[in-house]
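Novice:
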Amino acid sequence: MDVVTTRSTQRRRLDLDDEPRPLGQQPPPGGGGGDEHDDEGRLDLISRLPDDVLGGVITLLPAKDGARTQVLSRRWCPLWRSAPLNLEADGFAAAQAILASHQGGPGRRFSLTWRGHHLDGFSAVDDVLRPPGLDGLQEFELRYSPSAIIDTDFRLDPAPLSVFRFSPTLRVFTVHCRRRRLQFPTACPVLHLPRLEQLTLKGVVISETTLHGILSSCLVLQSLVLQANAGYRHLRISSPTLRSLGVWANTSREGMLQQINIEDAPLLERLFTDGVCYGGNGQQIQVIRAPKLKILGYLADCVSESEFGIRILKKMEFLSLPNSSAMRTVTILALDVAPDNPDVVVDFLTWFPCVEKLHLSMRHWKMIKRGKPKNARRHVSLECLDQHLKMLELKSYRGDMWEVSLVRFFLSNARVLESLKFLADRGEYSTEWIANQRKQQHWSTRASRGVTICFAPDPDHRRSTCAPTKHIHNLALHDPFDTSACTCLNDEWN
């Protein structure tokens, strides 16, 4: 039977051919099968998308890559100038050049790094932030690294007030200063941050009143990082939206953070500290209401020789709860402990009986070596070890006799353990060292026969118990303490 093709049929076919199809189903232009033709066909199809969609694609690219899209075709030429800007500049000249080429288009993200001397002042920052094209900025990051030159007339640099003009539209706000030379003014402008979801303040000097004033203006804040700041001794958290909190103190006594009060945080799931005890005293963490807290660390034992053997939780009172009840919601716990006293670890696991994943950072400088370590205790009655603990990770592991004894304790008592990971000190890690460790551990004396044991070099060169900032802000990350596949550890500003 013959098929008759009419003009109306041909017209319908042409209309169908004009409709976008999935890239994998597109026929090569001209019937050819070459890669070059395929790329041109895909580009042509992408160019059919609406301007706002293509502008969204461009704004996800770094500024330099976004500018390069102008050479693709005439269709892409005007899009760069009108697309929301994603600018990451190392210095004022680079930022001003990109802003000039963008010709006043809107801004979405602006990350500015300044490596200057503090005597230069911040007038240049104000000049860069003044263009109207930055109106409506959603993400702003200022990274300031002042000169290390020590002068007798030491003074703090004032934070550029022009930053605060973006407060009505900001969703992400980061200020990171090295050497704590950047100071928020006491008479800080009245801030209203109705859209801010993520706040990071690192290495700044800010008063307690100013800090709490900023936090009270954040109506939808979800993640907060305060690291190595000065000027406040008490931190009060009361937020109906906060889900992730990272707090680390500074190393100087003046303005050192002493107490963290979680007064009311109904959605708080993650709480991070640095695990360091400055001057032999730990920070007091008081949790009044955080019913969804499930990720916690690094917690430190803060034990001195005179306190050795005392139940640390009761002695230090670093964590107080209503009715002194155990925290059964915590399932991922990270500890910063000395490996020569398993009793401290037992105390923590008694306080957090439902932990499923335990990260231990080995702090050898805190060890109080009293002869040889005791043999691993058997048949310890502990809910966490009997029913919940499935993964144990030891960071900065060297394999000395105290650490070996600690591992034997877990192997003898953790009845549902599935994974045991050793993140070894890179100075120790070798094939011969791994073989010797396997011999010392006596794998046959295991309470859980199905445990998988693996050795790997520690990927964290910082030797720090501070969880990476990006991990804290990434609310989709299941285990923020897992750095095995982390790509941000080498970031100098992380």
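If you read the sequence shown in numbering that gives the first Met the number 0, its first letter stands for residue 0, the second for the next number, and so on.
C-beta: ideal position from N, C-alpha, C; glycine also.
(1) So, are the CB atoms of residue 109 and residue 139 less than 9 angstroms apart?
(2) Which residues does DSSP list as the beta-bridge partners of residue 202?
(3) Figure out for me which residue from 361, 385, 362 and 357 has the closest Cα to the Cα of residue 418.
(4) Output needed for residue 144: all residues of its chain with C-beta closer than 6 angstroms, excluding positions within five of it in sequence on either side, in chain order.
(5) How far does the alpha helix (DSSP H) with residue 346 in it extend, from its first residue to its last?
(6) Consult DSSP for residue 152 and reduce its assignment to one of helix, strand or coil.
(7) Among the residues of its own chain, which have a CB less than 7 angstroms from the CB of residue 309, if the five just before and after it don't count?
(8) Considering only the alpha carbon of each residue, which of 135, 75, 88 and 263 lies closest to residue 127?
(9) Evaluate the contact criterion for the segment 218 to 235 versus the segment 478 to 492: three or more CB pairs, one atom per stretch, below 8 angstroms.
(10) Should the segment 381 to 390 be called in touch with the segment 413 to 427, which here means at least 3 C-beta pairs below 8 angstroms?
(11) Flag residue 333 as yes if its beta-carbon sits less than 9 angstroms from any beta-carbon of chain B, otherwise no.
(12) Return the CA-CA distance between residue 408 and residue 341, expressed in angstroms with no decimal places.
(13) How would you label residue 314, buried or exposed, when you count the other beta carbons within 10 angstroms and need 16 or more for buried?
(14) Are residue 266 and residue 232 close, meaning C-beta to C-beta below 9 angstroms?
(15) Going by beta-carbon coordinates alone, are residue 287 and residue 262 separated by less than 9 angstroms?
(16) For residue 438 and residue 300, I'd like the C-alpha separation in whole angstroms.
(17) Which residues does DSSP list as the beta-bridge partners of residue 294?
(18) Can you list, in chain order, the residues of its chain with a C-beta nearer than 6 angstroms to that of residue 403? Leave out the 5 residues immediately preceding and following it.
(19) When the Cα atoms are used, what is the spatial distance from residue 331 to residue 382?
(20) Quick check on residue 15: does DSSP put it in helix, strand or coil?
(21) Do you know how far the Cα of residue 236 is from the Cα of residue 134?
(22) Using the rule of at least 16 other Cβ atoms within 10 Å of the residue's Cβ for burial, across every protein chain shown, is residue 451 buried or exposed?
(23) For residue 336, is the classification buried or exposed, using 16 other Cβ atoms within 10 angstroms of its Cβ as the cut-off for buried?
(24) Can you tell me the Cα-Cα spacing of residue 285 and residue 52, whole angstroms?
(25) Identify the residues that DSSP records as bridge partners of residue 139: which are they?
(26) Can you say whether residue 472 is buried or exposed, counting buried as having 16 or more other CB atoms within 10 angstroms of its CB?
(27) Do residue 206 and residue 185 count as a contact pair if the criterion is CB distance below 9 angstroms?
(28) Can you list the beta strand (DSSP E) stretches of 3 or more residues lying completely in the segment 205 to 241, in chain order?
(29) From residue 106 to residue 99, what distance separates their C-alpha atoms?
(30) Between the alpha carbons of residue 396 and residue 171, how many angstroms are there, rounded?
(31) In angstroms with no decimal places, state the Cα-to-Cα distance between residue 405 and residue 398.
(32) Enumerate in chain order the residues of its own chain whose CB-to-CB distance from residue 492 is below 7 angstroms, with the five nearest sequence positions on each side excluded.
(33) Does the Cβ of residue 426 have 16 or more other Cβ atoms within 10 Å, making it buried, or fewer, making it exposed?
(34) Which class does residue 132 belong to by DSSP, given the choice of helix, strand or coil?
(35) Do you know offhand how far residue 477's Cα is from residue 244's?
(36) Going by beta carbon distance, what residues of the same chain come within less than 6 angstroms of residue 150, once the five residues before and after it are set aside?
Specialist: For this structure:
(1) Taking the first residue of the sequence shown as 1, we reach residue 109 at position 110. Taking the first residue of the sequence shown as 1, we reach residue 139 at position 140. With respect to residue 139, residue 109 sits close: the two C-beta atoms are nearer than 9 angstroms.
(2) One-based indexing of the sequence shown puts residue 202 at position 203. DSSP, once it has assigned bridges, lists no residue as partnering residue 202.
(3) Reading the sequence shown from its first residue, position 419 is the one you call residue 418. Nearest option by C-alpha distance: 357.
(4) Mapped onto the sequence shown, residue 144 falls at position 145. Excluding residues within five positions, the ones whose Cβ falls inside 6 angstroms are 114 and 177.
(5) Working through the sequence shown from its first residue, we reach residue 346 at position 347. Here the alpha helix (DSSP H) through residue 346 covers 341 to 350.
(6) Translated into the one-based positions of the sequence shown, residue 152 becomes position 153. Note that residue 152 scores a pLDDT of 46, beneath 50, so its modelled location is shaky; the value from the coordinates is reported in the next line. Three-state result, residue 152: coil.
(7) For this step, residue 309 is matched to residue 310 along the sequence shown. Here the model assigns residue 309 a pLDDT of 33, short of 50, so the residue's position is not dependable, and the following value carries that caveat. Nothing meets the Cβ criterion.
(8) For this step, residue 127 is matched to residue 128 along the sequence shown. Residue 88 is the option with its Cα nearest to residue 127.
(9) no
(10) yes
(11) Going by chain labels, chain B is absent from the structure shown, which holds only one protein chain.
(12) Translated into positions along the sequence shown, residue 408 becomes position 409. Translated into positions along the sequence shown, residue 341 becomes position 342. Their backbone Cα atoms lie some 8 angstroms apart in a straight line.
(13) Counting from one through the sequence shown, the residue named residue 314 turns up at place 315. Confidence is the limiting factor: at residue 314 the pLDDT is only 36, short of 50, which leaves the residue's position unreliable, though a coordinate-based value still follows. Exposed is the call here.
(14) As a position in the sequence shown, residue 266 is number 267, starting the count at 1. As a position in the sequence shown, residue 232 is number 233, starting the count at 1. Not in contact: residue 266 and residue 232 (Cβ atoms no closer than 9 angstroms).
(15) If you number the sequence shown from 1, residue 287 lands on position 288. If you number the sequence shown from 1, residue 262 lands on position 263. Pairing residue 287 with residue 262 gives a Cβ-Cβ distance under 9 angstroms.
(16) Sequence index remark: in the sequence shown, residue 438 carries index 439 (1-based). Sequence index remark: in the sequence shown, residue 300 carries index 301 (1-based). Roughly 30 angstroms between the two C-alpha positions.
(17) As a working note, residue 294 is residue 295 in the sequence shown. DSSP, once it has assigned bridges, lists 269 and 331 as partnering residue 294.
(18) Along the sequence shown, one-based indexing puts residue 403 at 404. Hits under 6 angstroms: 439.
(19) Mapped onto the sequence shown, residue 331 falls at position 332. Mapped onto the sequence shown, residue 382 falls at position 383. When only Cα atoms are considered, residue 331 and residue 382 end up about 15 angstroms apart.
(20) Residue 15 sits at position 16 when you count from the first residue of the sequence shown. Caution applies to residue 15, whose pLDDT of 41 falls short of 50 and renders its modelled position unreliable; the value that the coordinates give is listed next. Residue 15 falls in the helix class under three-state DSSP.
(21) Position 135 of the sequence shown, counted from the start, is the residue given in the question as residue 134. Position 237 of the sequence shown, counted from the start, is the residue given in the question as residue 236. If you draw a straight line from the Cα of residue 134 to the Cα of residue 236, it comes to about 31 angstroms.
(22) On the sequence shown, residue 451 is found 452 positions in, with the first residue counted as 1. Its Cβ having fewer than 16 others within 10 Å, residue 451 is exposed.
(23) Numbered from its first residue, the sequence shown carries residue 336 at position 337. By the 10 Å Cβ count, residue 336 comes out buried.
(24) For the purposes of this step, residue 285 is identified with residue 286 of the sequence shown, where counting begins at 1. For the purposes of this step, residue 52 is identified with residue 53 of the sequence shown, where counting begins at 1. Going from the Cα of residue 285 to the Cα of residue 52 covers about 47 angstroms.
(25) Your numbering for residue 139 matches position 140 in the sequence shown. Beta-bridge pairing links residue 139 to 109 and 172.
(26) For this step, residue 472 is matched to residue 473 along the sequence shown. Buried: at least 16 other Cβ atoms inside 10 Å.
(27) Taking the sequence shown and counting its residues from 1, the one referred to as residue 185 is at position 186. Taking the sequence shown and counting its residues from 1, the one referred to as residue 206 is at position 207. Cβ distance < 9 angstroms, so residue 185 and residue 206 count as in contact.
(28) 222 to 226 and 233 to 237
(29) As a position in the sequence shown, residue 106 is number 107, starting the count at 1. As a position in the sequence shown, residue 99 is number 100, starting the count at 1. Looking at the two C-alpha atoms, the distance is approximately 13 angstroms.
(30) Along the sequence shown, one-based indexing puts residue 396 at 397. Along the sequence shown, one-based indexing puts residue 171 at 172. The alpha-carbon atoms of residue 396 and residue 171 are separated by roughly 37 angstroms.
(31) Position 406 of the sequence shown, counted from the first residue, corresponds to residue 405. Position 399 of the sequence shown, counted from the first residue, corresponds to residue 398. If I take the Cα positions, the gap works out to 10 angstroms.
(32) Working through the sequence shown from its first residue, we reach residue 492 at position 493. Same-chain partners within the cutoff: 142 and 175.
(33) Position 427 of the sequence shown, counted from the first residue, corresponds to residue 426. Residue 426 comes out exposed.
(34) For the purposes of this step, residue 132 is taken as the residue at position 133 of the sequence shown. Assignment of residue 132 by DSSP, reduced to helix, strand and coil, places it in the helix class.
(35) Start at 1 with the first residue of the sequence shown, and residue 477 comes out as number 478. Start at 1 with the first residue of the sequence shown, and residue 244 comes out as number 245. If you take the alpha carbons of residue 477 and residue 244, they lie about 15 angstroms apart.
(36) Here the question's residue 150 lines up with position 151 in the sequence shown. A caution first: residue 150 carries a pLDDT of 46, below 50, which makes its placement in the model too unreliable to give a value.
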